[in-house]
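Numbering (UniProt numbering), first residue to last: 1 to 357.
Now the structure itself:
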């Protein structure tokens, strides 16, 4: 309830992005099913974070990468992050090994993110003269995913030097450097003729960057390691990113008539107290007021409503600029108990809320 929102508030306040929507998830119930009674609920708390913005038409399509295009890693250095992956995050809390937990924890760095964003914003402001030909956020799989994808999108191969990647933990193995999911990083394809101007922007904004390789005409991914003087990755692109085999799933529906909800023995005052004590229903002011909700000056609706600032807004609204009438509207939520009782009704509720919001 606290750690996730406090982390988000750090990006809110230090990075300068207003947090103006969200929802709180908590649910557990014993329900009847085809095989008897079973407990259903969320295994552990999880934070859902995202953002909405706008993009210029000339930035929608990725551009072609000429042979020799510089491949750049911008942002945070490599660390032991994300190497436990889904195997660690799916374990029951407290049952995994300490080193696996540590290598799975994402350690955010709002200041680094802000510097990267300033570099990207300055390049975007250059319009057609922008040195950025293509850009990838670094997420699951780290640069082992982002670099192959950015060159594959252009039908290219690449030569990469692993030891050129900024690294805060020099003892990491080649696989760990290549696959770690260190945060606040981007992979960019930079026009070789404009690389100098891009580097000047990075240095002005004090953003960490490194030219780690270049795009090649031959569709082969070669990752060199100067320390061991070998190539830990040397593989054709079509083998790496070819079509995966199709999966076959066999599903059988079990017919089951759910019992009606019995409420006759439930006192009204008890029901009200139980509902209002749920974190999903109770006031989330303590989570909302830790962040600056008006930053950017283009927030038209945040969580707080009315003269008494009650956190009951069901939609977030932002303006695209300071003069126009265009902007973005965002809403998020779910109706999990309805989905357990009636999936079709849950779908109708989702559509109805999207429209009415």
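Cβ atoms here follow ideal geometry from the backbone N, Cα and C, with glycine treated the same way. This one's a predicted model, so the numbers in the text were calculated from it and none came from an experiment.
Among the options, the one whose alpha carbon lies nearest that of residue i
{"i": "residue 310", "options": "286, 115, 331", "result": "286"}
{"i": "residue 335", "options": "328, 354, 318, 323", "result": "354"}
{"i": "residue 231", "options": "257, 174, 132", "result": "174"}
{"i": "residue 26", "options": "20, 35, 42", "result": "42"}
{"i": "residue 141", "options": "132, 129, 80", "result": "80"}
{"i": "residue 23", "options": "326, 262, 49", "result": "49"}
{"i": "residue 133", "options": "245, 58, 16, 255", "result": "58"}
{"i": "residue 16", "options": "322, 292, 228, 278", "result": "292"}
{"i": "residue 218", "options": "229, 270, 66, 349", "result": "66"}
{"i": "residue 216", "options": "37, 68, 323", "result": "68"}
{"i": "residue 177", "options": "279, 259, 242, 147", "result": "147"}
{"i": "residue 356", "options": "343, 248, 332", "result": "332"}
{"i": "residue 183", "options": "129, 288, 113", "result": "113"}
{"i": "residue 2", "options": "60, 279, 247, 205", "result": "279"}
{"i": "residue 6", "options": "351, 290, 307", "result": "290"}
{"i": "residue 31", "options": "300, 337, 222, 235", "result": "337"}
Buried/exposed call for residue i, threshold 16 Cβ in 10 Å
{"i": "residue 54", "result": "exposed"}
{"i": "residue 253", "result": "exposed"}
{"i": "residue 180", "result": "buried"}
{"i": "residue 70", "result": "buried"}
{"i": "residue 318", "result": "buried"}
{"i": "residue 193", "result": "exposed"}
{"i": "residue 125", "result": "exposed"}
{"i": "residue 198", "result": "buried"}
{"i": "residue 229", "result": "exposed"}
{"i": "residue 33", "result": "exposed"}
Residue i in three-state terms, based on DSSP
{"i": "residue 33", "result": "strand"}
{"i": "residue 161", "result": "strand"}
{"i": "residue 236", "result": "strand"}
{"i": "residue 254", "result": "coil"}
{"i": "residue 313", "result": "coil"}
{"i": "residue 328", "result": "strand"}
{"i": "residue 153", "result": "coil"}
{"i": "residue 127", "result": "helix"}
{"i": "residue 223", "result": "strand"}
{"i": "residue 304", "result": "strand"}
{"i": "residue 265", "result": "coil"}
{"i": "residue 169", "result": "coil"}
{"i": "residue 207", "result": "coil"}
{"i": "residue 230", "result": "strand"}
Beta-carbon gap between residue i and residue j smaller than 8 Å
{"i": "residue 165", "j": "residue 143", "result": "yes"}
{"i": "residue 239", "j": "residue 72", "result": "no"}
{"i": "residue 328", "j": "residue 138", "result": "no"}
{"i": "residue 136", "j": "residue 187", "result": "yes"}
{"i": "residue 29", "j": "residue 40", "result": "yes"}
{"i": "residue 14", "j": "residue 110", "result": "yes"}
{"i": "residue 258", "j": "residue 341", "result": "yes"}
{"i": "residue 131", "j": "residue 64", "result": "no"}
Contact belief for residue i with residue j at Cβ below 8 Å, rounded distance in angstroms
{"i": "residue 298", "j": "residue 21", "result": "Not confirmed; about 15 Å, so no contact."}
{"i": "residue 388", "j": "residue 10", "result": "The displayed coordinates of the chain run from 1 to 357. Any statement about residue 388 would go beyond what the structure contains."}
{"i": "residue 77", "j": "residue 145", "result": "Wrong, their Cβ atoms sit about 18 Å apart, outside the cutoff."}
{"i": "residue 225", "j": "residue 162", "result": "5 Å"}
Residue i Cβ short of 7 Å to the ligand ZN heavy atom set
{"i": "residue 230", "result": "Looking for the ligand ZN in the displayed structure turns up nothing, as the structure carries no ligands at all."}
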